[in-house]
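Enquirer: Residue numbers (this note's numbering): 1 to 127.
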């Protein structure tokens, strides 16, 4: 994955089970609940065993309970280093909303608000 590419999306929901049924039935998405993380993976396209989409340019996503931070859909951008990316975001007028957090043994996530108040995610793969 090229740094700076959109790699993931997240959809907050008031009723996660209802929203999962909606996306599964309306679009045929595959849902994988991850109760230990209070999260569900949304498969929009066939993926490899590592979870990466097989089709170039395709992305998969996730769903979680709507919260104060997660109020609207979020896109996630792949970066080489979340800490560096957040520093660059802040130099350019954005604001860190959640610093780097580990996601199991897969990698790290962080969130920022851009200059327009949009919440955007960052993803750093564990290497």
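Here a beta-carbon is modelled for each residue, glycine too, at the ideal position from N, C-alpha and C.
Along the alpha helix (DSSP H) that carries residue 17, what are the first and last residues, could you check?
Expert: Working through the chain shown from its first residue, we reach residue 17 at position 17. Taken as a continuous stretch (DSSP letters only), the alpha helix (DSSP H) holding residue 17 covers 16 to 27.
Enquirer: DSSP three-state call for residue 81: helix, strand or coil?
Expert: Start at 1 with the first residue of the chain shown, and residue 81 comes out as number 81. Residue 81 falls in the coil class under three-state DSSP.
Enquirer: In three-state terms, what does DSSP make of residue 37?
Expert: Taking the chain shown and counting its residues from 1, one reaches residue 37 at position 37. Here residue 37 sits in helix by DSSP.
Enquirer: Round the Cβ separation of residue 123 and residue 99 to the nearest angstrom and send it over; I've been treating them as touching at under 8 Å.
Expert: What you label residue 123 is simply residue 123 of the chain shown in a count that begins at 1. What you label residue 99 is simply residue 99 of the chain shown in a count that begins at 1. Going by Cβ atoms, the distance from residue 123 to residue 99 rounds to 14 Å, so no, they are not a contact pair.
Enquirer: What are the boundary residues of the beta strand (DSSP E) that residue 120 is part of?
Expert: Residue numbering aside, residue 120 sits at position 120 when the chain shown is read from its first letter. Its beta strand (DSSP E) spans residues 119 to 125.
Enquirer: Cα separation between residue 89 and residue 13?
Expert: Sequence index remark: in the chain shown, residue 89 carries index 89 (1-based). Sequence index remark: in the chain shown, residue 13 carries index 13 (1-based). Near 27 Å, if we compare the C-alpha coordinates of residue 13 and residue 89.
Enquirer: Indicate whether the contact test is met: 3 or more Cβ pairs, each with one atom in the segment 30 to 42 and one in the segment 109 to 120, closer than 8 Å.
Expert: No, because fewer than three Cβ pairs between the segment 30 to 42 and the segment 109 to 120 fall closer than 8 Å, the two stretches do not touch.
Enquirer: With distances taken from CA atoms, which of 53, 118, 25 and 103 is nearest residue 75?
Expert: Taking the first residue of the chain shown as 1, we reach residue 75 at position 75. The candidate whose alpha carbon is nearest that of residue 75 is 118.
Enquirer: Put residue 91 into one of helix, strand or coil per three-state DSSP.
Expert: Translated into positions along the chain shown, residue 91 becomes position 91. Three-state DSSP puts residue 91 in a helix.
Enquirer: If you draw a straight line from the C-alpha of residue 43 to the C-alpha of residue 73, how long is it?
Expert: Here residue 43 refers to the residue found at position 43 of the chain shown. Here residue 73 refers to the residue found at position 73 of the chain shown. Cα-Cα distance, rounded: 16 Å.
Enquirer: Can you list, in chain order, the residues of its chain with a C-beta nearer than 7 Å to that of residue 29? Leave out the 5 residues immediately preceding and following it.
Expert: Working through the chain shown from its first residue, we reach residue 29 at position 29. Cβ within range, chain order: 23, 42, 43 and 44.
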